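Enquirer: Mapping of the sequence shown onto the numbering used here: residues 2 to 154, in sequence order.
Beta carbons: idealized from backbone N, C-alpha and C, even for Gly.
Remember, it's a predicted structure, so these values are computed and weren't measured experimentally.
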Amino acid sequence: MLLLRSPFFDSSVLDHFLDEMNGSVQLPYWRDADHNSFSFSDTIGEIVNNDNTFSVQVDVSHFKPEDLKIQLDGRELKIEGSQETKSDHGFTKRSFSKMILLPEDADLSSVKSAISNEGKLQIEAPKKTNTSRSIPLILLLNIDFFSCIFQFV
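And the structure:
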């Protein structure tokens, strides 16, 4: 069928309607899954990296503590959660995996984790303390240092 455009009719309204209709037909059937109330973002969470500590907070409120696994391999911190719920009508499986590279000055032997009642997982690594120190320099005036030492021996 050939459509002829009328010079008396505003075709931009029709074009807009046809474009929207064409776009909605081309959407995949799973498009509404993006608006699900249960979703995880691609972000890690709140990260703090200052002179004293490195910490990360992740919302894991949909998981029980026994569904979580935290591993440290070198400086790579891996947080995983996996959960299966079975019912008469089927089952639901939820999982996530996050990997964070800890800073080079993080004290890897002192990494701690805790989870709040609200489901906020907090992982903290204190920074290594600077083991260097200043050594004061004493200026000896007109005294031969080695002769002073040998006189007292």
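#1: Taking the runs of the alpha helix (DSSP H) that are 4 residues or longer, which of them lie wholly in the stretch 75-105?
#2: Measure how close the beta-carbons of Val49 and Gly120 come, nearest whole angstrom, since I'm counting them as under 8 Å.
#3: When the distance is taken between beta carbons, is Lys79 closer than 8 Å to Met100?
#4: Give the DSSP-derived three-state secondary structure of Glu168 in the structure shown.
#5: Does DSSP put Pro137 in a helix, a strand or coil?
#6: Can you tell which of Ile136, His63 and Pro127 has its C-alpha closest to the C-alpha of Ile116?
#7: If you count every other CB in all the chains shown that lies within 10 Å of the CB of Ile124, and 16 or more means buried, which is it?
#8: Do you know offhand how far Glu77's Cα is from Pro137's?
#9: If I measure Cβ to Cβ from Glu47 and keep anything under 6 Å in the same chain, skipping five residues before and after, which residues do I get?
#10: According to the neighbour-count rule (16 or more other Cβ atoms, all chains shown, within 10 Å of its Cβ), is Leu103 buried or exposed?
#11: What does the alpha-carbon distance come out to for the pair Thr86 and Leu73?
#12: Taking the alpha-carbon positions, what's the Leu109 to Asn51 distance?
#13: Considering just the uninterrupted stretch of the beta strand (DSSP E) at Glu47, what are its terminal residues?
Expert: In this structure, then:
#1: none
#2: Incorrect: roughly 19 Å between the Cβ atoms, too far for contact.
#3: yes
#4: Residue 168 cannot be examined here, being either before or after the span of the chain that is shown, 2 to 154.
#5: coil
#6: Nearest in C-alpha terms to Ile116, of all of Ile136, His63 and Pro127, is His63.
#7: Result: buried.
#8: 40 Å
#9: Gln58
#10: Leu103 comes out buried.
#11: About 28 Å.
#12: 16 Å
#13: Glu47 to Asn50
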